[in-house]
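Asker: Questions regarding the structure given below will be posed in turn.
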Amino acid sequence: MEVSLNFSGGAELLFGKIKQHTISLPAEETWSMKKLLNWIKDNLLKERPELFLQGDMVRPGILVLVNNADWELVGQLDYLLQNKDEIVFISTLHGG
Amino acid sequence: MVVQCSAGCGCNAVLKRPKTNDALCKTCFYWAFETEVHHTIMSTKMFQSGQVVAIGASGGKDSTVLAYILKHLNEKYNYGLKLVLLSIDEGITGYRDDSLESVKRNQEEYNLPLTVLSYKDLYGWTMDDIVKQVGRKNNCTFCGVFRRQALERGAILLNCDVIATGHNADDVAETILMNLLRGDIARLQRCTSHITSSEGSLPRAKPFKYAYEKEIVLYAYFKKLDYFATECVYAPDAYRGHARALVKDLEALRSTSIIDIIHAGEQLAIKDGVKLPKQGVCSACGFVSSNVICKACVLLEGLNRGRPKLAIGKSNKALAEILADRLANTASLSSVQDQF
Ligand code: SF4
Ligand SMILES: [Zn+2]
Ligand SMILES: [Zn+2]
Ligand SMILES: [Zn+2]
Chain A
1 MEVSLNFSGG
11 AELLFGKIKQ
21 HTISLPAEET
31 WSMKKLLNWI
41 KDNLLKERPE
51 LFLQGDMVRP
61 GILVLVNNAD
71 WELVGQLDYL
81 LQNKDEIVFI
91 STLHGG
Chain B
1001 MVVQCSAGCG
1011 CNAVLKRPKT
1021 NDALCKTCFY
1031 WAFETEVHHT
1041 IMSTKMFQSG
1051 QVVAIGASGG
1061 KDSTVLAYIL
1071 KHLNEKYNYG
1081 LKLVLLSIDE
1091 GITGYRDDSL
1101 ESVKRNQEEY
1111 NLPLTVLSYK
1121 DLYGWTMDDI
1131 VKQVGRKNNC
1141 TFCGVFRRQA
1151 LERGAILLNC
1161 DVIATGHNAD
1171 DVAETILMNL
1181 LRGDIARLQR
1191 CTSHITSSEG
1201 SLPRAKPFKY
1211 AYEKEIVLYA
1221 YFKKLDYFAT
1231 ECVYAPDAYR
1241 GHARALVKDL
1251 EALRSTSIID
1261 IIHAGEQLAI
1271 KDGVKLPKQG
1281 VCSACGFVSS
1291 NVICKACVLL
1301 EGLNRGRPKL
1311 AIGKSNKALA
1321 EILADRLANT
1331 ASLSSVQDQF
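In order, the protein sequences belong to chains A and B.
Those letters in the first sequence? Residues 1 to 96, by the working numbering.
Those letters in the second sequence? Residues 1001 to 1340, by the working numbering.
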């Protein structure tokens, strides 16, 4: 399963300043957003994980979009990823 | 699972509004967001036709969206305002130089005149130089005090009538909590107003006072507005950081918390007879100050003497006295002592 991840608004600073990532996940498993966040922490996050995650959740102040819609509309952590999904993380915590 | 726009327009929703929990589509969101800002401007009589408005532009998300929206509303509703962009260059290599590039792109795209004023020109010091003197602990004190005054000076230079800043609802809630925790009653009262004006200084307007950061950022995202987001290379204000984290945690628990804090802050009234610092003007530079010598002048004096720590420690009283003395303003010396 292929999923596109995009980090912006300053969130990319935690990922080696790389905004766009395309990842492949084993398709035989089901992938919830919760599981994806853990995967990101273990595989992509370069520094200061506490600035991206707070417990199992993304840190408050980081917005998440699933296929260009607010993840609060699709169940947040419980959302189940589909092939070719586009997930966007935008930090609101940097600069005013 | 697709959620429909709750306005009943038939489109798919793209966001859940934190203030109301409505699910809206892009078009309905733009409309709601713009109309609310327009309403804030109209209901508070924020601007008058014919005024020149300086938009404090940092290149970041809030001021970028503010410039875009003010231009849009000014045309749509015939406010009759002349809008100009005003940027302050603190002189922070790797931070402000990059964000100024984004302001310059906004200037071209929105076709608004831009003026950049630097700390170096105004005070003779860049933030990089100041950090070399004071280290990384108190830099934000210098930076914040200088920026506030720099915007004022720039706006006067440009013959502006009012300064509009991108302070949003999250910022206001955060400032309310900070002032509450510090017991700063004077600021607590001032920070909730949509427009602050004091004798001798330009009014400052906050058209985004009720606009959530989430919506500002999503507005910029969906409209593909170009802004700059990074951290200042110098450690940011830790106290503000804690207040910010608290606001964000509260929002995650219940998204209306932010607007509730603002409403609560607006309702706070100060008991009659409580002594508040009087706003006057600085006898050295003439800008508004609640002390005889303003904070910016005291800080600058400390820097120029090569004793910056004097200006932030307890001894700022002594420094202010020296300054007042030099101005031969002996009459106000006693009030200097009063106020520090
Ligand atoms: S973090 Fe401090 S030094 Fe950096 S821009 Fe903000 S106030 Fe200035
Ligand atoms: Zn619609
Ligand atoms: Zn709609
Ligand atoms: Zn002064």
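Glycine included, each C-beta is placed from N, C-alpha and C at the ideal position.
Any C-beta of chain A sitting closer than 8 angstroms to the C-beta of B:E1251?
Answerer: Here the question's residue 1251 of chain B lines up with position 251 in the second sequence. Yes, B:E1251 lies at the interface with chain A (some Cβ there is under 8 angstroms from its Cβ).
Asker: Take B:L1363 as the anchor and find which of B:L1083, B:N1078, B:T1256 has the nearest alpha-carbon.
Answerer: Residue numbering for chain B in the displayed model covers 1001 to 1340; residue 1363 of chain B lies beyond these limits and cannot be assessed.
Asker: Taking all protein chains shown into account, do 16 or more other C-beta atoms lie within 10 angstroms of the C-beta of B:G1241, making it buried, or fewer, making it exposed?
Answerer: The residue labelled residue 1241 of chain B in the question sits at position 241 within the second sequence. Label assigned to B:G1241: exposed.
Asker: Quick one: does B:T1020 have its CB under 8 angstroms from some CB of chain A?
Answerer: On the second sequence, residue 1020 of chain B is found 20 positions in, with the first residue counted as 1. Not one chain A Cβ lies under 8 angstroms of B:T1020.
Asker: Between the segment 1104-1124 of chain B and the segment 1166-1179 of chain B, can you find at least three pairs of beta-carbon atoms closer than 8 angstroms?
Answerer: no
Asker: Counting only beta-carbon separations shorter than 8 angstroms, does B:E1231 have a partner in chain A?
Answerer: In the second sequence, the residue the question calls residue 1231 of chain B occupies position 231. Interface flag for B:E1231 against chain A is set, since a Cβ pair is found closer than 8 angstroms.
Asker: Given 7 angstroms as the limit, tell me if B:G1124 has its C-beta closer than that to any heavy atom belonging to ligand 1.
Answerer: Translated into the one-based positions of the second sequence, residue 1124 of chain B becomes position 124. No, the Cβ of B:G1124 stays beyond 7 angstroms of every heavy atom of ligand 1.
Asker: Are the beta-carbon atoms of B:L1201 and B:F1287 separated by less than 8 angstroms?
Answerer: Counting from one through the second sequence, the residue named residue 1201 of chain B turns up at place 201. Counting from one through the second sequence, the residue named residue 1287 of chain B turns up at place 287. At residue 1201 of chain B the sequence reads Ser, which differs from the Leu that was named. Result yes, Cβ atoms of B:S1201 and B:F1287 sit closer than 8 angstroms.
Asker: Report yes if the C-beta of A:L14 is less than 7 angstroms from at least one heavy atom of ligand 3; otherwise report no.
Answerer: As a working note, residue 14 of chain A is residue 14 in the first sequence. Checking every heavy atom of ligand 3 against the Cβ of A:L14, none is found closer than 7 angstroms.
Asker: Are the CB atoms of A:S91 and A:G16 nearer to each other than 8 angstroms?
Answerer: Position 91 of the first sequence, counted from the first residue, corresponds to residue 91 of chain A. Position 16 of the first sequence, counted from the first residue, corresponds to residue 16 of chain A. Taking 8 angstroms as the cut-off, the beta carbon of A:S91 is found no closer than this to the beta carbon of A:G16.
Asker: Kindly provide the chain-ordered list of residues whose Cβ lies closer than 6 angstroms to any non-hydrogen atom of ligand 3.
Answerer: B:C1005, B:A1007, B:C1009, B:C1011, B:L1024, B:C1025, B:T1027, B:C1028
Asker: Shorter than 8 angstroms from the beta carbon of B:K1248 to some beta carbon of chain E?
Answerer: Here the protein chains are A and B, and chain E is not one of them.
Asker: Using three-state DSSP, classify B:S1201 as helix, strand or coil.
Answerer: Position 201 of the second sequence, counted from the start, is the residue given in the question as residue 1201 of chain B. In the structure shown, B:S1201 falls within a coil segment according to DSSP collapsed to helix, strand and coil.
Asker: Might you give, ordered along the chain, the residues of its own chain that have their beta carbon closer than 8 angstroms to the beta carbon of A:D78, omitting 5 neighbours on each side?
Answerer: As a working mapping, residue 78 of chain A is identified with position 78 in the first sequence. Cβ within range, chain order: S32, M33, K34.
Asker: Suppose the cutoff is 7 angstroms on Cβ atoms and the five residues either side in sequence are ignored; what does the same chain contact list for A:K46 look like?
Answerer: Indexing the first sequence from 1 puts residue 46 of chain A at position 46. Once the five neighbours on either side are set aside, the close Cβ partners of A:K46 are L14, F15, G16.
Asker: Beta carbon of B:Y1234: closer than 7 angstroms to some heavy atom of ligand 1?
Answerer: One-based indexing of the second sequence puts residue 1234 of chain B at position 234. Indeed, a heavy atom of ligand 1 lies less than 7 angstroms from the Cβ.
Asker: Quick one: what does DSSP say B:K1137 is sitting in, helix, strand or coil?
Answerer: Working through the second sequence from its first residue, we reach residue 1137 of chain B at position 137. Assigned with DSSP and collapsed to three states, B:K1137 falls in coil, not helix or strand.
Asker: Pairs of beta-carbons, one from the segment 1150-1164 of chain B and one from the segment 1047-1055 of chain B, closer than 8 angstroms: are there three or more?
Answerer: yes
Asker: So does B:C1285 have its beta carbon nearer than 7 angstroms to some heavy atom of ligand 4?
Answerer: As a position in the second sequence, residue 1285 of chain B is number 285, starting the count at 1. B:C1285 Cβ: within cutoff of ligand 4.
Asker: Starting from B:G1302, trace the alpha helix (DSSP H) both ways and give me its first and last residue.
Answerer: Along the second sequence, one-based indexing puts residue 1302 of chain B at 302. Taken as a continuous stretch (DSSP letters only), the alpha helix (DSSP H) holding B:G1302 covers 1295-1304.
Asker: I'd like to confirm something about B:E1034: is its beta-carbon nearer than 7 angstroms to some heavy atom of ligand 1, or not?
Answerer: The residue you call residue 1034 of chain B lines up with position 34 of the second sequence. No, the Cβ of B:E1034 stays beyond 7 angstroms of every heavy atom of ligand 1.
Asker: Taking C-beta to C-beta, are B:Y1227 and B:P1018 nearer than 8 angstroms?
Answerer: Residue 1227 of chain B sits at position 227 when you count from the first residue of the second sequence. Residue 1018 of chain B sits at position 18 when you count from the first residue of the second sequence. No.
Asker: Please decide whether A:G61 counts as near chain B, where near means a Cβ-Cβ distance under 8 angstroms.
Answerer: Against the first sequence, residue 61 of chain A aligns to sequence position 61. It does; some Cβ of chain B falls within 8 angstroms.
Asker: Spell out a yes or no on whether the segment 1073-1089 of chain B and the segment 1186-1195 of chain B are touching, meaning 3 or more CB-CB pairs, one atom from each, closer than 8 angstroms.
Answerer: Taking a cut-off of 8 angstroms for Cβ pairs, the segment 1073-1089 of chain B and the segment 1186-1195 of chain B do not touch, as fewer than three such pairs fall below it.
Asker: Distance cutoff 8 angstroms, beta carbons only. Does A:I90 sit that close to anything in chain B?
Answerer: Taking the first residue of the first sequence as position 1, residue 90 of chain A is located at position 90. So, interface residue.
Asker: Provide the residue span of the beta strand (DSSP E) that contains A:N6, from first to last.
Answerer: Translated into the one-based positions of the first sequence, residue 6 of chain A becomes position 6. 2-8 is the span of the beta strand (DSSP E), which, as asked, contains A:N6.
Asker: Determine, using beta carbons only, whether A:D56 comes closer than 8 angstroms to chain B.
Answerer: Residue numbering aside, residue 56 of chain A sits at position 56 when the first sequence is read from its first letter. So, not an interface residue.
Asker: Report yes if the C-beta distance between B:S1290 and B:G1302 is below 8 angstroms; otherwise report no.
Answerer: The residue given as residue 1290 of chain B occupies position 290 in the second sequence. The residue given as residue 1302 of chain B occupies position 302 in the second sequence. No, the pair does not count as a contact, with Cβ atoms beyond the cut-off.
Asker: Is the segment 1061-1073 of chain B touching the segment 1213-1224 of chain B in the sense that three or more CB pairs, one from each, lie closer than 8 angstroms?
Answerer: yes
Asker: Distance, Cα to Cα, B:A1013 vs A:K41?
Answerer: Position 13 of the second sequence, counted from the first residue, corresponds to residue 1013 of chain B. Position 41 of the first sequence, counted from the first residue, corresponds to residue 41 of chain A. Approximately 29 angstroms between the Cα atoms of the pair.
Asker: Could you check if B:M1127 is buried or exposed, using at least 16 other CB atoms within 10 Å of its CB as the buried criterion?
Answerer: Within the second sequence, the letter at position 127 stands for residue 1127 of chain B. Label assigned to B:M1127: buried.
Asker: Check for me: the beta strand (DSSP E) holding B:H1167 runs from which residue to which?
Answerer: Taking the second sequence and counting its residues from 1, one reaches residue 1167 of chain B at position 167. It is not in any beta strand (DSSP E) - B:H1167 carries neither H nor E in the DSSP assignment.
Asker: Assuming B:G1056 is part of the beta strand (DSSP E), what are its boundary residues?
Answerer: Numbered from its first residue, the second sequence carries residue 1056 of chain B at position 56. Unbroken beta strand (DSSP E) run through B:G1056: 1052-1056.
Asker: Taking C-beta pairs closer than 7 angstroms, name the residues in chain B that A:A27 reaches, listed in chain order.
Answerer: Along the first sequence, read from residue 1 onward, the residue named residue 27 of chain A stands at position 27. Ordered by position in chain B, no residue passes the 7 angstroms Cβ test against A:A27, which lies about 20 angstroms from the chain.
Asker: Any heavy atom of ligand 4 closer than 7 angstroms to the beta-carbon of B:S1099?
Answerer: On the second sequence, position 99 is the one that residue 1099 of chain B refers to. Because no heavy atom of ligand 4 lies under 7 angstroms away, the Cβ of B:S1099 does not count as near it: no.
Asker: Short check: CB of B:E1251 to CB of B:I1262, under 8 angstroms?
Answerer: Reading the second sequence from its first residue, position 251 is the one you call residue 1251 of chain B. Reading the second sequence from its first residue, position 262 is the one you call residue 1262 of chain B. No Cβ-Cβ contact shorter than 8 angstroms links B:E1251 with B:I1262.
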